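Numbering (the working numbering), first residue to last: 776 to 904.
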């Protein structure tokens with residue numbers, strides 16, 4: 776179950792995860808023996824699946840074209856959101872996940888921004904607010 780959850784994810788969400796795992800254990804204790812193979816077990820499996828889906832690290836699937844990168848840069852007014860310096864398509868740039876994948880961010884276009892490569896590498900899995 777936990778192989779899909781990263782260490783960074785646990786560091787960021789540990790209190791919430793602890794409460795959810797405690798609820799899973801409570802549910803198993805309250806499950807009547809006659810219901811362990813029926814509806815109760817199906818509900819438990821659903822609870823575990825929800826937990827895993829909530830905390831799994833999203834896979835990196837999006838690959839932006841040069842036009843999409845230019846479009847993002849234009850929306851950002853050619854400003855790197857991490858250092859507030861000017862950034863251009865010809866610079867050494869990276870597509871950054873605002874909310875990093877390693878801590879629960881999703882690989883969606885709305886979660887992307889263009890940054891200087893060095894800025895993105897310094898940011899790592901930090902969430903910048």
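Glycine included, each C-beta is placed from N, C-alpha and C at the ideal position.
Treat the numbers as computed from the prediction; the structure is a model and nothing was measured.
Residue i versus residue j: straight-line alpha-carbon distance, rounded
i: residue 887; j: residue 872; result: 5 Å
i: residue 876; j: residue 902; result: 10 Å
i: residue 795; j: residue 827; result: 11 Å
i: residue 845; j: residue 861; result: 14 Å
i: residue 896; j: residue 804; result: 45 Å
i: residue 786; j: residue 899; result: 14 Å
Neighbour-count burial assignment, residue i, 16 or more Cβ in a 10 Å radius
i: residue 889; result: buried
i: residue 790; result: exposed
i: residue 891; result: buried
i: residue 818; result: exposed
i: residue 879; result: buried
i: residue 781; result: buried
i: residue 857; result: buried
Per-residue DSSP class, three states only, for residue i
i: residue 878; result: helix
i: residue 857; result: coil
i: residue 871; result: strand
i: residue 851; result: coil
Expected contact under 8 Å - CB spacing of residue i and residue j to nearest Å
i: residue 864; j: residue 848; result: 6 Å
i: residue 824; j: residue 881; result: Actually they are not in contact, since the Cβ atoms of residue 824 and residue 881 sit about 18 Å apart, beyond 8 Å.
i: residue 822; j: residue 802; result: 7 Å
Alpha helix (DSSP H) runs contained entirely in the segment 787-842, provided each spans 4 or more residues = Segments of the alpha helix (DSSP H) lying fully in the segment 787-842: 814-830.
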